[in-house]
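J.: Following this message is one structure expressed as structure tokens.
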């Protein structure tokens, strides 16, 4: 078999078990999952989930993610507010982690996926090796944004001293989880092979 | 040494067709020549290693749920919590969705993954066939991106760093159990690649 893109050969690679089947077969012989040459409507579904993520990102940052009550007095803090608080307290490491995981990573993911979708639909060939690395980073980093939600949930479960100090999760936790889940699905729907298809068609 | 079932592989990321070596040396990584996507990693004894780590992981996971996770005392009052308490607290605060999702991502999905893997490996070991092999393989494929074990554990570490200045924290047995579970599960995930898993499934499917 010559080294060529499989799209132009008569083979399809199963996305679940990587078995090579003939083009035109509807189900993989080995694992019975549906076969697709490329993920159907990949760019459209990726963009749809990205739009959901972008919409949810607004309440995730506007509403408080954590409510701290010290001696009965409740204090709400948003994601950015929390980061600023940690910097003021001197906990630079925690501030850095929260800032990276909750602000830099989701924004970078969304930007990277939008760029990948844009370049996949243009005729010019961008550097496919670079784009593959961007895609792999995006997919790998996806679930790490959940760290902020976990931190708030664990703090809430731990610090429950009635009257002294209690921590509760804020509404933004729901929205932010939605952002993370939406970007994870969005990255999963993007078919990276679309980038490499252009290498063949010059 | 593990041997791949097909002679040719198609890179899942760039669609390049290339030839696979007949045998893969121990700990040797086979990559796609064009985009460097890792296809197979050789291992001296993947089946027994996989089984033993899977068993240990399940035991350690159950241990991490049963005992106290973190406890602290401050100004005379003390508080102790288990992992389940995290979910319960979320539910009490009104976050029904999150209280259900957290145990799913962190406990239930890894458990399902480990159970499916153990079943497949036991069938391989005892030369039995099962009609559920295909479903188990597909199940493992679908749930694997959603397992957030390491993320949760790092979240615990960050929380500790956050509260350690306010209160005196002591670690319960469950904390160390979950730490061990994180290490074991991460290693197991790197051991099980698609090629190897479906090679096993091919041997046990009815």
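Protein chains in written order, with the working numbering: chain A, 206 to 407; chain S, 329 to 534.
All residues carry an ideal CB built from backbone N, CA and C; glycine is no exception.
Quick caveat: nothing in here was measured; it's all calculated off a predicted structure.
What is the residue span of the alpha helix (DSSP H) that residue 259/A lies within?
T.: Against the first chain, residue 259/A aligns to sequence position 54. Element bounds for residue 259/A: 247 to 267.
J.: For residue 328/A, collect the residues of the same chain with a Cβ closer than 8 Å to its Cβ; drop the 5 residues on either side in sequence, then sort them by chain order.
T.: In the first chain, residue 328/A corresponds to position 123, counting from 1. Within the same chain, residue 328/A has close Cβ partners 403.
J.: At 8 Å on the CB atoms, spell out the chain A contacts of residue 465/S, in chain order.
T.: Working through the second chain from its first residue, we reach residue 465/S at position 137. Within 8 Å Cβ-Cβ: 221, 222, 236.
J.: Against chain A, with Cβ distances strictly below 8 Å, would residue 479/S count as a contact?
T.: Here residue 479/S is taken as the residue at index 151 of the second chain, counted from 1. Output row for residue 479/S: interface = yes.
J.: Near residue 356/S, what residues of its chain come up, given a Cβ to Cβ distance below 8 Å and the 5 sequence neighbours on each side ignored?
T.: Here the question's residue 356/S lines up with position 28 in the second chain. Within the same chain, residue 356/S has close Cβ partners 369, 370.
J.: Three or more beta-carbon pairs under 8 Å between the region 450 to 459 of chain S and the region 373 to 382 of chain S, yes or no?
T.: Yes: at least three Cβ pairs fall under 8 Å.
J.: Roughly how many angstroms separate the alpha carbons of residue 284/A and residue 352/S, rounded to a whole number?
T.: Sequence index remark: in the first chain, residue 284/A carries index 79 (1-based). Sequence index remark: in the second chain, residue 352/S carries index 24 (1-based). Taking the straight line from one Cα to the other gives about 48 Å.
J.: Inspect the beta-carbon positions of residue 349/A and residue 306/A and report whether they are closer than 8 Å.
T.: If you number the first chain from 1, residue 349/A lands on position 144. If you number the first chain from 1, residue 306/A lands on position 101. Taking 8 Å as the Cβ cut-off, residue 349/A and residue 306/A qualify as a contacting pair.
J.: Buried or exposed: where does residue 496/S fall if 16 or more other Cβ atoms within 10 Å of its Cβ makes it buried?
T.: Along the second chain, one-based indexing puts residue 496/S at 168. That one is exposed.
J.: Expressed to the nearest angstrom, what Euclidean distance is found between the alpha-carbon atoms of residue 232/A and residue 296/A?
T.: Within the first chain, numbered from 1, the residue matching residue 232/A stands at position 27. Within the first chain, numbered from 1, the residue matching residue 296/A stands at position 91. Each residue's Cα considered, the two are about 54 Å apart.
J.: Name, going along the chain, the residues of the region 377 to 402 of chain S whose beta-carbon falls closer than 8 Å to a beta-carbon of chain A.
T.: Listed in sequence order: 398, 400, 402.
J.: Measure the Cβ-Cβ separation of residue 371/A and residue 341/S and say whether it is below 8 Å.
T.: Counted from its first residue, the first chain places residue 371/A at position 166. Counted from its first residue, the second chain places residue 341/S at position 13. No; because the gap between Cβ atoms is not below 8 Å, this pair is not in contact.
J.: Between which two residues does the alpha helix (DSSP H) carrying residue 293/A extend?
T.: Numbered from 1 along the first chain, position 88 holds the residue referred to as residue 293/A. Its alpha helix (DSSP H) spans residues 284 to 294.
J.: With three or more C-beta pairs closer than 8 Å as the rule, is the region 504 to 522 of chain S touching the region 417 to 429 of chain S?
T.: Judged by Cβ distances under 8 Å, the region 417 to 429 of chain S makes no contact with the region 504 to 522 of chain S, as fewer than three pairs qualify.
J.: Report the start-end ranges of each alpha helix (DSSP H) in the region 437 to 503 of chain S that is 4 residues or longer and not cut off at the edges.
T.: With a minimum length of 4 residues, the continuous alpha helix (DSSP H) runs that stay inside the region 437 to 503 of chain S are 437 to 453, 461 to 471, 477 to 491.
J.: Which same chain residues, not among the five before or five after residue 469/S, have their C-beta less than 8 Å away from its C-beta?
T.: Reading the second chain from its first residue, position 141 is the one you call residue 469/S. Correct list, in chain order: 522.
J.: Measuring CB to CB, does residue 315/A end up less than 8 Å from residue 258/A?
T.: Here residue 315/A refers to the residue found at position 110 of the first chain. Here residue 258/A refers to the residue found at position 53 of the first chain. Their beta carbons are under 8 Å apart, which means residue 315/A touches residue 258/A by this criterion.
J.: Tell me the rounded alpha-carbon separation between residue 362/A and residue 272/A.
T.: For the purposes of this step, residue 362/A is identified with residue 157 of the first chain, where counting begins at 1. For the purposes of this step, residue 272/A is identified with residue 67 of the first chain, where counting begins at 1. Those two C-alpha atoms are separated by around 13 Å.
J.: Can you tell me the Cα-Cα spacing of residue 421/S and residue 368/A, whole angstroms?
T.: Within the second chain, residue 421/S is the residue found at index 93, counting from 1. Within the first chain, residue 368/A is the residue found at index 163, counting from 1. Straight-line Cα distance between these residues: approximately 17 Å.
J.: Does any heavy atom of the ligand NAP sit closer than 7 Å to the C-beta of residue 370/A?
T.: Among the components modelled here there is no ligand, and therefore nothing to report on the ligand NAP.
J.: Answer yes if the region 475 to 487 of chain S comes into contact with the region 509 to 516 of chain S, meaning at least three C-beta pairs across the two stretches below 8 Å, and no otherwise.
T.: In short, these stretches touch, since the Cβ pair count reaches three.
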